[in-house]
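So the sequence shown is numbered by our numbering: it starts at 5 and just counts up by one. Quick reminder that beta carbons are idealized off the backbone N, C-alpha and C, glycines included. Remember, it's a predicted structure, so these values are computed and weren't measured experimentally. Shown next, in structure tokens, is the structure this report addresses.
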Amino acid sequence: MPKTLLVPDYIKKANKRNYKDGVYVDPDQKVLNPNLLTKSIKERLPQPTGWRILVAPYQGKEVTDKGVIIPDQIRQREALATVVAYVLKVGPIAYKDSAKFGEAVFEEDRAWCKEGDWICIGRYAGSRFSLEDMEVRVINDDEVIATILDPEDIKHI
Numbered sequence: 005m006p007k008t009l010l011v012p013d014y015i016k017k018a019n020k021r022n023y024k025d026g027v028y029v030d031p032d033q034k035v036l037n038p039n040l041l042t043k044s045i046k047e048r049l050p051q052p053t054g055w056r057i058l059v060a061p062y063q064g065k066e067v068t069d070k071g072v073i074i075p076d077q078i079r080q081r082e083a084l085a086t087v088v089a090y091v092l093k094v095g096p097i098a099y100k101d102s103a104k105f106g107e108a109v110f111e112e113d114r115a116w117c118k119e120g121d122w123i124c125i126g127r128y129a130g131s132r133f134s135l136e137d138m139e140v141r142v143i144n145d146d147e148v149i150a151t152i153l154d155p156e157d158i159k160h161i
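Now the structure itself:
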């Protein structure tokens with residue numbers, strides 16, 4: 005699959021010859037890989053590299069136990085400072101460092117967490133970015149504080 009390079013106008017003008025030869029793509033041209041359209045959202049999520057883990061912060065309930073609807077803006081703000089997250093993907097060498105985690109961690113069932121787990125992390129841990137309507141974080145494998153069964157067990161302050 006060819007890679008697309010978007011170039012600033014001042015460089016494009018300086019390299020008119022390369023632009024005409026097809027080296028650069030016209031910035032007005034939309035480039036889309038139609039093969040990705042059939043893949044699920046989980047398959048299109050970024051794959052964390054190395055020892056990193058991709059997590060989605062827990063936003064909380066949409067409706068309280070008493071029936072009060074919580075606005076999306078409030079839930080998104082709370083997700084910024086939450087300590088609870090859902091593990092979406094795990095990097096290829098997460099928990100493989102024997103100096104940090106010991107030899108027993110090499111077995112997959114001994115890792116601190118795996119895809120599909122609810123975990124506790126530091127309040128502002130990881131690098132944040134948005135994907136469509138949700139925020140995700142990329143954290144290091146050693147930033148996992150605990151695994152939990154239910155995100156509602158942790159009280160938000």
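Residue i, buried or exposed, once every other Cβ within 10 Å from all chains shown has been counted against 16
{"i": "residue 57", "result": "buried"}
{"i": "residue 92", "result": "buried"}
{"i": "residue 141", "result": "buried"}
{"i": "residue 62", "result": "buried"}
Cutoff 8 Å; reference residue i; Cβ partners in own chain excluding five residues on either side
{"i": "residue 152", "result": "88, 122, 123, 124, 158"}
{"i": "residue 149", "result": "87, 123, 124, 125, 126"}
Reduced DSSP secondary structure (H/G/I, E/B, other) of residue i
{"i": "residue 60", "result": "strand"}
{"i": "residue 139", "result": "strand"}
{"i": "residue 81", "result": "helix"}
{"i": "residue 115", "result": "coil"}
{"i": "residue 22", "result": "Confidence at residue 22 is low in this model, with a pLDDT of 47, below 50, so the placement of that residue is unreliable and no value is reported for it."}
6 Å CB neighbourhood of residue i in its chain, flanking five on each side removed
{"i": "residue 64", "result": "79, 82"}
{"i": "residue 191", "result": "Outside the displayed range of the chain (5 to 161) lies residue 191, so it cannot be described from this structure."}
Contacts around residue i, its chain only, beta-carbon distance under 7 Å, and the 5 residues preceding and following it disregarded
{"i": "residue 120", "result": "91"}
Contact test: residue i Cβ vs the ligand SAH heavy atom, cutoff 7 Å
{"i": "residue 105", "result": "Absence of the ligand SAH is noted for the structure shown, with no ligands found whatsoever."}
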